[in-house]
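Chains as they are written, first to last, in full-length UniProt numbering: chain A, 1 to 334; chain B, 1 to 282.
One structure below.
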């Protein structure tokens, strides 16, 4: 049967050589087959046959839905019935959709919070961990700090919902019990605090990708650099600003892009905790899209919204790939 | 090092540990609270809402289990089906991509890799309509499909990289012994790729366990809900009884927790997109 390509060897030679070498002819000489073999080599039907199941599945459940969503965003999509073409009508509706744009304002807030406050504590925790002398203590604390990642996201959100409860919730009880009762709030029910409450889910935010990235980067810095800094009388804070952060720039850039893409898909915590309310204070694009589709049954409009989100994500993903090429970051954008 | 500086150092270490312990405690507090409360009756909860109380009410767990069990079963079935399906699709494809050369190989592989950029949430609407057209709503099949597709895409990428790195001599030797393509796949590539297979399985389990919107929208029959979507329903039913409610949350957390304890490194890699060594380990 077919030829095992020396693909591994080939690929290590780098990208330039690859395109050319793919031609079936480049290989026939190497294996020295008879004529029958050579014909098979020209048309390696077995390779295509082996790929058919994968591509059939992807075509139906990945490419088709994506294409269908884009296509139907130009229609007044009524699944099962006639769908009149409306051109850019859905997009025009979107431009005038205050709720949609308000949801992006919330998203902006979520993003800014995410890359500042929600990264400060993981950075602190990572710095503290690498300052520990004992490897064992480092490992123990690292494991305990990321343990919350092992709980299903829904459980985390529902537990926080219980903690935010105005009457029996832990937070208000603690406040009342310590004489700070005047600070007790209807956390998720008050438009003023709802978004902030949503964002504080998972406090102190250490169980997550940023922490792991910070920690790995710091652990990979050679000890000599830190020793040299110490000999020069470089304090802890100075070291953070002068050495640690600059060393992390590549990873930080990547994390920012990942956070941007992640935030576009933000939704399930808001759905569970507030449902987008109160008074749309926690409305986010994903919830708006689902609302338009499932409560409003405006499928074409929902498709336009999802196409917009899709386009934004793709645009940002391309940027990531670009950054990844140059940077030496060891995290895969997903 | 002088005695004084050593003492200073030890004190500093203790301070660091104290701060870290505080962060750990705050981070784990909701889960500790869940564990403590899950053994209480409402009365115990109101009397002493933050301290553990005796007797432990284990019946909270039996009660919660009867409600959560169907979600549990569905999640396990869905995860198993998605893993098997994804592996069937991706192992063969990855082997072909890694070890054969044919016209259009790079383009086809690019087509698969590009799907990594398509966010699940963006094709949710058309995907839902497609499932409705296919008459698959309210079945377990509809729950499997996105994870099968996602697992197959990720699996193809991971597997291809892995199989490419296997030494060519292995394949040459088998070929000299007369092994054909299928044999090379089954006897060499597949057994050696078990670590990748494990990673794909783990990624899929985590994905199924955490998936929320898809099962919420496509399945309305209670018995067919997965854990994440089921918990929301469970929450509305038990909102006033804290013991069983938190026991249900605890039960739903057990599988991922067990995986985390035993496969920590791979688990983290799974959460980060399926690459062991993608930041999770040192």
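Cβ atoms here follow ideal geometry from the backbone N, Cα and C, with glycine treated the same way.
How about residue i and residue j: do their beta carbons lie closer than 8 Å?
i                      : j                      : result
residue 306 of chain A : residue 124 of chain B : yes
residue 127 of chain A : residue 218 of chain A : yes
residue 278 of chain A : residue 166 of chain A : no
residue 20 of chain B  : residue 310 of chain A : no
residue 190 of chain B : residue 150 of chain A : no
residue 75 of chain B  : residue 214 of chain B : no
residue 303 of chain A : residue 118 of chain B : no
residue 114 of chain A : residue 259 of chain A : yes
residue 126 of chain B : residue 275 of chain A : no
residue 63 of chain B  : residue 171 of chain B : no
residue 235 of chain B : residue 198 of chain A : no
residue 227 of chain B : residue 252 of chain B : yes
residue 213 of chain A : residue 247 of chain A : no
residue 202 of chain B : residue 134 of chain B : no
List, in chain order, every chain A residue whose beta-carbon is nearer than 7 Å to that of residue i.
i                      : result
residue 222 of chain B : By Cβ distance, chain A contributes nothing, its closest Cβ being about 16 Å from residue 222 of chain B, past 7 Å.
residue 249 of chain B : 155, 158, 159
residue 253 of chain B : 151, 152, 155
residue 27 of chain B  : 145, 148, 204, 206, 207
Short of 7 Å in beta carbon distance, which residues of its chain neighbour residue i, apart from the five on each side in sequence? Order them along the chain.
i                      : result
residue 153 of chain B : 112, 115, 116
residue 75 of chain A  : 83, 84, 85, 86, 300
residue 41 of chain B  : 57, 243
residue 131 of chain B : 137, 142, 218
residue 280 of chain A : 99, 102
residue 125 of chain A : 145, 206, 211
residue 111 of chain A : 259, 260, 263
residue 159 of chain B : 90, 91, 94, 193, 196
residue 123 of chain A : 214
Once you ignore the five residues that flank residue i on each side, which residues in its own chain have a CB closer than 6 Å to its CB?
i                      : result
residue 204 of chain A : 121
residue 155 of chain B : 86, 90, 200
residue 216 of chain B : 229
residue 245 of chain B : 238
residue 132 of chain A : 138
Quick one: is residue i near chain B, going by C-beta distance under 8 Å?
i                      : result
residue 200 of chain A : no
residue 104 of chain A : no
residue 265 of chain A : yes
residue 310 of chain A : yes
residue 119 of chain A : no
residue 257 of chain A : no
residue 250 of chain A : no
residue 29 of chain A  : Any reading at residue 29 of chain A must be qualified, since the residue scores a pLDDT of 41, below 50, and its modelled position is unreliable; the value itself is stated next. For residue 29 of chain A, the answer is no, since every Cβ of chain B falls outside 8 Å of its Cβ.
residue 204 of chain A : yes
residue 306 of chain A : yes
residue 115 of chain A : no
residue 223 of chain A : no
residue 314 of chain A : yes
Who are the neighbours of residue i on chain B, taking C-beta pairs under 7 Å?
i                      : result
residue 173 of chain A : 49
residue 133 of chain A : 13
residue 100 of chain A : Here the premise fails: no neighbours, minimum Cβ distance about 15 Å.
residue 163 of chain A : 30
CB-CB under 8 Å to residue i, same chain, minus the five flanking residues each way: which ones, in chain order?
i                      : result
residue 360 of chain A : Outside the shown range of chain A, which is 1 to 334, sits residue 360 of chain A, and nothing can be said about it.
residue 146 of chain B : 120, 127, 211, 214
residue 174 of chain B : 183, 184, 187, 188
Listing by chain order, which chain A residues have their CB less than 9 Å from the CB of residue i?
i                      : result
residue 132 of chain B : 79, 80
residue 213 of chain B : 267, 268, 271, 286, 290
residue 156 of chain B : 54
Check the Cβ-Cβ distances between residue i and every residue of chain A, and say whether any is below 8 Å.
i                      : result
residue 187 of chain B : no
residue 82 of chain B  : no
residue 284 of chain B : As shown, chain B starts at 1 and ends at 282. That puts residue 284 of chain B outside it, with no answer to give.
residue 201 of chain B : no
residue 39 of chain B  : no
residue 193 of chain B : no
residue 159 of chain B : no
residue 13 of chain B  : yes
residue 93 of chain B  : yes
residue 122 of chain B : yes
So residue i contacts chain A; which residues on that side make the cut at Cβ distance below 8 Å?
i                      : result
residue 217 of chain B : 290, 294
residue 209 of chain B : 152
residue 70 of chain B  : Neighbours of residue 70 of chain B on chain A: none; closest Cβ ~16 Å, over 8 Å.
residue 119 of chain B : 261, 264, 265, 309, 310, 313
How would you list, in chain order, the residues of chain B whose beta-carbon sits under 8 Å from the beta-carbon of residue i?
i                      : result
residue 146 of chain A : 268
Check the Cβ of residue i against every Cβ in chain B and list those closer than 9 Å, keeping chain order.
i                      : result
residue 83 of chain A  : Those do not exist, as residue 83 of chain A stays about 11 Å from chain B at its closest Cβ, beyond 9 Å.
residue 166 of chain A : None at all; the shortest Cβ gap to chain B is about 14 Å.
residue 254 of chain A : Chain B residues near residue 254 of chain A: none, gap ~10 Å exceeds 9 Å.
- Are at least three pairs of beta-carbons, each pair with one atom in the stretch 293-304 of chain A and one in the stretch 169-177 of chain A, less than 8 Å apart? no
- Query: Does the stretch 94-106 of chain A come close enough to the stretch 1-14 of chain B to have 3 or more Cβ pairs within less than 8 Å?
  - Reply: no
- Three or more beta-carbon pairs under 8 Å between the stretch 173-184 of chain B and the stretch 232-243 of chain A, yes or no? no
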